[in-house]
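Notes for the one structure printed next.
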Amino acid sequence: MSVDQEHTVTFQPGDIVCEGVPHEANLLRVALLEGVHINASCGGTGGCGKCRVSIESGDYEGGRSAKLSDEDFKAGLRLACRVKVMGDLTVTIPEESRMGDAVALIHERRPGPGRVLTAQDLEQLVEGWSVDPVVRKYLLKLTAPDAANNINDLDRLKLGLKSQHKLE
Numbered sequence: 154m155s156v157d158q159e160h161t162v163t164f165q166p167g168d169i170v171c172e173g174v175p176h177e178a179n180l181l182r183v184a185l186l187e188g189v190h191i192n193a194s195c196g197g198t199g200g201c202g203k204c205r206v207s208i209e210s211g212d213y214e215g216g217r218s219a220k221l222s223d224e225d226f227k228a229g230l231r232l233a234c235r236v237k238v239m240g241d242l243t244v245t246i247p248e249e250s251r252m253g254d255a256v257a258l259i260h261e262r263r264p265g266p267g268r269v270l271t272a273q274d275l276e277q278l279v280e281g282w283s284v285d286p287v288v289r290k291y292l293l294k295l296t297a298p299d300a301a302n303n304i305n306d307l308d309r310l311k312l313g314l315k316s317q318h319k320l321e
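Note that the numbering used here has the sequence shown beginning at 154, numbered continuously upward.
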């Protein structure tokens, strides 16, 4: 097989087809670049064993790790982070390797219908709201500490807030 050859990887469920996959590409990386999300909390280092996939057909190398039991390996499971794509592949992502609510595939997001808000629109939206933020920003002008005035920073801040903004 030529090193310049490109392959096609199909992910199930969802029948997501990734074309132009380079020879010896890392399967987990291919999935992520194509928007197919496979759980890999270790970032693809082989340390967590969560990126288990079942390769239904095709040519590949690797997929073995200490995180994958002999029983799972014999059952056809491989770690996506350890698989090199050597030919066209069909890959099934088991439910336990999918992210969130058993959704393994993140499809292209399309923006919904939008609307530009004017300042008047915004004022109408917030009319009647009581805004009382937990955090406020105050600008202070403080003198630098010196030998004659060596008060600690916290007390300098408190004095500045009291004198410049009438805060206790």
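By construction, the Cβ of each residue, glycine as well, lies at the ideal position given by its N, Cα and C atoms.
query	result
Beta-carbon gap between Ser207 and Thr245 smaller than 8 Å	yes
Cβ-Cβ separation, Ala233 to Ala184 (assumed contact under 8 Å), whole Å	6 Å
Proximity of Arg251 and Gly199 at Cβ, strictly below 8 Å	no
Classification of Leu180 by the beta-carbon crowding that lies within 10 angstroms, buried from 16 upward	buried
Whole-number beta carbon distance between Leu314 and Leu293, since they are thought to touch under 8 Å	7 Å
Integer-rounded CB distance, given that Glu187 should sit under 8 Å from Lys237	At roughly 16 Å, the Cβ-Cβ gap does not stay under 8 Å, so Lys237 and Glu187 are not in contact.
Helix, strand or coil at Ala219 according to DSSP, with G and I counted as helix	coil
Pair within 8 Å by beta-carbon distance, Arg108 and Gly197	Absent from the structure is residue 108, since the part of the chain shown begins at 154 and ends at 321.
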